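In the numbering used here, the protein residues as written are 38 to 619. To keep things clear, I will list the structure first and then write my remarks on it.
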């Protein structure tokens, strides 16, 4: 690796958490080793605009074919695919960096890439037979063909098990016949290969038949596959989004993906595995927003001062920076854990998706505010980022659903180990939900004492973290004792438990990363200590407040919320009189 490339990797690509230094972005076994440098230069050194006019892509609602061809030539459509299948052979941390770079310039392009490789053909990579991999991966990894992930239907959004598409075996047992429609499919208009989920009749041990979801690899060339018109969207307009219809599609039985009847498991694993791409892209978008803001506030003069001199502006910028630092720390903690072979990361993936999509939205909103009227103008480029970011809180698991998953995971851990939780609380330890998370973040067995491994300047922050973890364990335990199995219906409390968990995990990732920078005497170590300290101050306050609200005493508010919402829905709209009519 030449000196220039090594410097770029060290300065831009490796915000390493304590769990271990990230593998270098370009390694000698990777197809992108020599191609990723010019790829970075296309973006980082602004040659990007020569081939890629984002505003025009929005207007035309497409990514030009020559741009897709450029990315295909670079190997960017097969980042995680092994070289033997014409892939780049990158690891998850390298893939995250790729998504981050693209996200800083065009989230619409990022969606095209993510829909193709993070979910489109990810099922083949994870669950495919050797024959399926050999047949499909070379064309998909090279960009000769594109893939799409077909799960959502008009009647089933977050409830994937309720899909109505059906695939029934032919009498000779050699094919499935697929019928059904999918909506809002990214790459749906031009994809040639589809990962499709459908109900299949499964014989149960008692002899009865029950519908269960199965996954299939479907080629457009099978016939009976049609795409609807391009959807008109709020953002990511350059990406292709259509309905996809399947009518009497004849699928060879060898194109069953995974085990028959276990399609829901396949879908969830695909989404969990690819979910880190969203927070990675969001960190790139956040970095762009912050850079534009810094450029503006250091030059714009009002009342005889540059904007950067006003405390309100400094506070807004600092909060933007802290949220970005925490999000970036989460991304590379997660991707590094995946690279280490850790399989149980669905909780961290869900937390990362929620934290990143909401932090990015907040950062972009503040960037627009600090630009004043200029931020509202198209030429500044921030309004497009805001429109593009909005979908990230919805797709690949709506944040509302992800929050419930995070909270119920905490309840599940506490429920299984309730006596152990009580024991840990009494001994000043940590709740079971974060036990393994802390061990992963610190690189081994630290017991319950996170303070023992952080940089000395961060001990107070580590104490804040420990307090939050203990309160989390107490709160979840008390909720289980109070509501037992009924806790699943206590969404007021669960949402607040989830928000606390997100802040706690963000603190873990932030302290881990900052400690690693300090250990390596990074030039930015002192600056990072300040960011980490500030973030933990505000995150711990938020977490403790959410846990307090989740702990009880707000039953009147809960009843009022239910009563008001029920009255409005029953009335078919707001029933209150207008003030001029009273």
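The beta carbon of each residue, even a glycine, is placed where N, CA and C say it ideally should be. It should be emphasised that the depicted structure is a prediction, and the values quoted were computed from it without experimental measurement.
Contiguous alpha helix (DSSP H) assignments of at least 4 residues, all confined to the region 244-283:
none
In the DSSP assignment, what residue or residues form a beta bridge with residue 216?
By one-based count along the chain shown, residue 216 stands at place 179. Paired residues: 203.
Near residue 314, what residues of its chain come up, given a Cβ to Cβ distance below 6 Å and the 5 sequence neighbours on each side ignored?
Walking along the chain shown from the start, residue 314 turns up at place 277. Contacts found: 136, 151 and 155.
Kindly indicate which residue of 174, 319 and 217 has the alpha-carbon position closest to the one of residue 399.
One-based indexing of the chain shown puts residue 399 at position 362. Nearest C-alpha to residue 399: 319.
Classify residue 273: buried if its beta carbon has 16 or more other beta carbons within 10 angstroms, exposed otherwise.
On the chain shown, position 236 is the one that residue 273 refers to. Answer is buried; the Cβ neighbour count reaches 16.
With a threshold of 16 other CB atoms inside 10 Å of the CB of residue 607, please say whether the residue is buried or exposed.
The count along the chain shown starts at 1 and reaches residue 607 at position 570. Exposed: under 16 other Cβ atoms inside 10 Å.
Which class does residue 190 belong to by DSSP, given the choice of helix, strand or coil?
Walking along the chain shown from the start, residue 190 turns up at place 153. Residue 190: strand per DSSP, three-state reduction.
If you follow the alpha helix (DSSP H) that residue 108 is part of, which residue opens it and which one closes it?
Residue 108 sits at position 71 when you count from the first residue of the chain shown. Counting along the chain, the unbroken alpha helix (DSSP H) around residue 108 starts and ends at 102-111.
Cβ shell of residue 562 (< 7 Å), same chain only, five flanking positions each side left out
Here residue 562 refers to the residue found at position 525 when the chain shown is read from its first residue. Result list for residue 562: 554 and 555, in chain order.
Please state the DSSP three-state secondary structure of residue 285.
Stepping through the chain shown from its first residue, residue 285 is reached at position 248. It is a strand residue.
Pairing CB atoms from the region 535-542 with CB atoms from the region 564-582, are three or more of them under 8 Å?
yes
Identify the continuous alpha helix (DSSP H) that holds residue 415 and give its terminal residues.
The count along the chain shown starts at 1 and reaches residue 415 at position 378. Run containing residue 415: none; DSSP gives neither H nor E here.
Buried or exposed for residue 615, going by 16 or more other Cβ atoms inside 10 Å?
Here residue 615 refers to the residue found at position 578 when the chain shown is read from its first residue. Result: exposed.
May I have a chain-ordered list of the beta strand (DSSP E) segments no shorter than 3 residues that lie completely inside the region 152-189?
For the region 152-189, whole beta strand (DSSP E) runs of length 3 or above, ordered along the chain, are 184-187.
Return the residue from the list 534, 511 and 546 that minimises the CA-CA distance to residue 487.
The residue you call residue 487 lines up with position 450 of the chain shown. Answer by Cα proximity: 546.
Using the C-alpha atoms, what's the distance from residue 328 back to residue 335?
The residue you call residue 335 lines up with position 298 of the chain shown. The residue you call residue 328 lines up with position 291 of the chain shown. Near 11 Å, if we compare the C-alpha coordinates of residue 328 and residue 335.
Residue 595: buried (16+ other C-beta within 10 angstroms of its C-beta) or exposed?
Taking the first residue of the chain shown as position 1, residue 595 is located at position 558. With fewer than 16 other Cβ atoms within 10 Å, it is exposed.
Quick check on residue 389: buried or exposed, where buried means 16 or more other Cβ atoms within 10 Å of its Cβ?
Here residue 389 refers to the residue found at position 352 of the chain shown. Per the 10 Å Cβ criterion, buried.
Could you check what DSSP says for residue 117 in three-state terms: helix, strand or coil?
On the chain shown, position 80 is the one that residue 117 refers to. Here residue 117 sits in coil by DSSP.
Go to residue 231, then tell me how far its beta strand (DSSP E) extends in each direction, as first and last residue.
Within the chain shown, numbered from 1, the residue matching residue 231 stands at position 194. Per DSSP, residue 231 belongs to the beta strand (DSSP E) from 230-240.
At what residues does the alpha helix (DSSP H) containing residue 488 begin and finish?
On the chain shown, position 451 is the one that residue 488 refers to. Here residue 488 belongs to no alpha helix (DSSP H), and DSSP marks it neither H nor E.
Going by beta-carbon coordinates alone, are residue 184 and residue 177 separated by less than 8 Å?
Within the chain shown, residue 184 is the residue found at index 147, counting from 1. Within the chain shown, residue 177 is the residue found at index 140, counting from 1. Here residue 184 is near residue 177, since their CB atoms are less than 8 Å apart.
Could you compute how far the alpha carbon of residue 559 sits from the alpha carbon of residue 552?
Reading the chain shown from its first residue, position 522 is the one you call residue 559. Reading the chain shown from its first residue, position 515 is the one you call residue 552. Computed Cα separation, rounded: 10 Å.
Look at the alpha carbon of residue 414 and the alpha carbon of residue 406, and state the distance between them as a whole number of angstroms.
The residue labelled residue 414 in the question sits at position 377 within the chain shown. The residue labelled residue 406 in the question sits at position 369 within the chain shown. Residue 414 and residue 406: Cα-Cα distance of roughly 12 Å.
Opposite residue 339 in the DSSP bridges: which residues?
Residue 339 sits at position 302 when you count from the first residue of the chain shown. Answer is 342.
I'd like the list of long-range same chain contacts for residue 169, defined as Cβ closer than 6 Å, with 5 residues on each side in sequence excluded.
The residue you call residue 169 lines up with position 132 of the chain shown. Same-chain partners within the cutoff: 161.
For residue 117, count the other beta carbons within 10 Å of its own beta carbon; 16 or more makes it buried, fewer makes it exposed. Which is it?
Position 80 of the chain shown, counted from the start, is the residue given in the question as residue 117. Per the 10 Å Cβ criterion, buried.
Distance, Cα to Cα, residue 226 vs residue 149?
As a position in the chain shown, residue 226 is number 189, starting the count at 1. As a position in the chain shown, residue 149 is number 112, starting the count at 1. Roughly 11 Å between the two C-alpha positions.
For residue 435 versus residue 309, is the C-beta spacing smaller than 8 Å?
As a first step, residue 435 must be located in the chain shown, where it is residue number 398. As a first step, residue 309 must be located in the chain shown, where it is residue number 272. No; because the gap between Cβ atoms is not below 8 Å, this pair is not in contact.
When DSSP builds the beta bridges, which residues end up paired with residue 223?
As a first step, residue 223 is located in the chain shown; it is residue number 186 there, counting from the start. BP columns for residue 223 point to 278.
Look at the alpha carbon of residue 127 and the alpha carbon of residue 209, and state the distance between them as a whole number of angstroms.
Reading the chain shown from its first residue, position 90 is the one you call residue 127. Reading the chain shown from its first residue, position 172 is the one you call residue 209. Using only the alpha carbons, I get a separation of about 42 Å.
Could you check if residue 199 is buried or exposed, using at least 16 other CB atoms within 10 Å of its CB as the buried criterion?
Here the question's residue 199 lines up with position 162 in the chain shown. By the 10 Å Cβ count, residue 199 comes out exposed.
Confirm, please, whether the CB-CB distance from residue 408 to residue 419 is below 8 Å.
Translated into the one-based positions of the chain shown, residue 419 becomes position 382. Translated into the one-based positions of the chain shown, residue 408 becomes position 371. Contact flag set, yes.
Contacts around residue 257, its chain only, beta-carbon distance under 8 Å, and the 5 residues preceding and following it disregarded:
Within the chain shown, the letter at position 220 stands for residue 257. Here the set comprises 228, 229, 230 and 231.
Considering only their Cβ atoms, is the gap separating residue 279 from residue 264 smaller than 8 Å?
Looking up residue 264 in the chain shown gives position 227. Looking up residue 279 in the chain shown gives position 242. Yes, Cβ-Cβ distance for residue 264 and residue 279 is below 8 Å.
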